[in-house]
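The structure appears below as structure tokens.
Numbering (my numbering), first residue to last: 3 to 255.
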């Protein structure tokens, strides 16, 4: 499965700064997810935020995240937040649980938390994440950098570049993207990846040389960091979900 995306041509910010995804960004994703799940009932987790898109988001904007000290206050970048879920308690393998991002630069101080919740609750391929799943989760923050125009749609390196394709045919416009890790993880070469991306864009016609020559392709790289829930608990010093359960256990007599 591939991430959902908001396919727009990124604007040039004219800055030589190359931003890096950090452990603190991933920690903040768990911070806002756990807070949302703890302040909502199991059946309504995320729904209040989704309907108003303001309550939790605004509160988190007012609280400066820990990673704020590692980046300029005005830092912007296209980004994706990905949630993966361990296949079983003892498994080392993970499956995609939600991924949403944007190819338009966004202020990182607010966008990391926003997309952490959006990908957890709004990815329509999945049910919203529930509290019982959190211990099996892993989060990844990807900041997209180093955009370059390709000479042709195969002018990129598997495992290094993500690509954005755009093309027009029969009066319709199509566009889609794959993050840098997608082709490598799927075992695709450039040709197979581009064909898959054309289908992802919604085009179901024949894929021939004439169509491939119409494609405008942009390649980019990503700075990515991952954090499991167990690593998060180790960093913060306690399991916030277990703490909540113990507190609730003594409410009733």
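Here a beta-carbon is modelled for each residue, glycine too, at the ideal position from N, C-alpha and C.
Using a 10 Å radius around the Cβ and a threshold of 16 neighbouring Cβ atoms, would you call residue i buried or exposed?
| i | result |
| --- | --- |
| residue 103 | buried |
| residue 54 | In this prediction, residue 54 has a pLDDT of 48, which is less than 50 and means its spatial position is unreliable; what the coordinates show is noted afterwards. Exposed, by the Cβ-count rule. |
| residue 136 | buried |
| residue 56 | The predicted position of residue 56 is uncertain, since its pLDDT is 42 and thus under 50; a value taken from the coordinates is nonetheless stated next. Residue 56 comes out exposed. |
| residue 74 | exposed |
| residue 87 | buried |
| residue 125 | buried |
| residue 249 | Here residue 249 scores only 48 on pLDDT, less than 50, and its place in the model is too uncertain to base an answer on. |
| residue 188 | exposed |
| residue 26 | buried |
| residue 207 | exposed |
Please name the residue in the options whose C-alpha comes closest to that of residue i.
| i | options | result |
| --- | --- | --- |
| residue 240 | 119, 95, 191, 36 | 36 |
| residue 146 | 26, 220, 68 | 220 |
| residue 123 | 101, 114, 105 | 101 |
| residue 85 | 106, 205, 127 | 127 |
| residue 204 | 186, 191, 215, 169 | 169 |
| residue 243 | 114, 105, 91, 138 | 138 |
| residue 183 | 149, 214, 151, 224 | 224 |
| residue 176 | 235, 216, 106 | 216 |
Quick check: residue i and residue j, are their CB atoms within less than 7 Å of each other?
| i | j | result |
| --- | --- | --- |
| residue 111 | residue 79 | no |
| residue 230 | residue 140 | yes |
| residue 96 | residue 144 | no |
| residue 77 | residue 21 | yes |
| residue 119 | residue 34 | yes |
| residue 209 | residue 192 | no |
| residue 72 | residue 41 | no |
| residue 160 | residue 186 | yes |
| residue 167 | residue 158 | no |
Where do the N-terminal and C-terminal ends of the beta strand (DSSP E) with residue i fall, by residue?
| i | result |
| --- | --- |
| residue 223 | 218–230 |
| residue 41 | Run containing residue 41: none; DSSP gives neither H nor E here. |
| residue 79 | 78–88 |
| residue 187 | First-last for residue 187: 182–188, but that is the alpha helix (DSSP H), not the beta strand (DSSP E). |
| residue 164 | 164–171 |
For the alpha helix (DSSP H) containing residue i, name the first residue and the last one.
| i | result |
| --- | --- |
| residue 147 | First-last for residue 147: 139–151, but that is the beta strand (DSSP E), not the alpha helix (DSSP H). |
| residue 122 | 110–123 |
| residue 202 | 192–202 |
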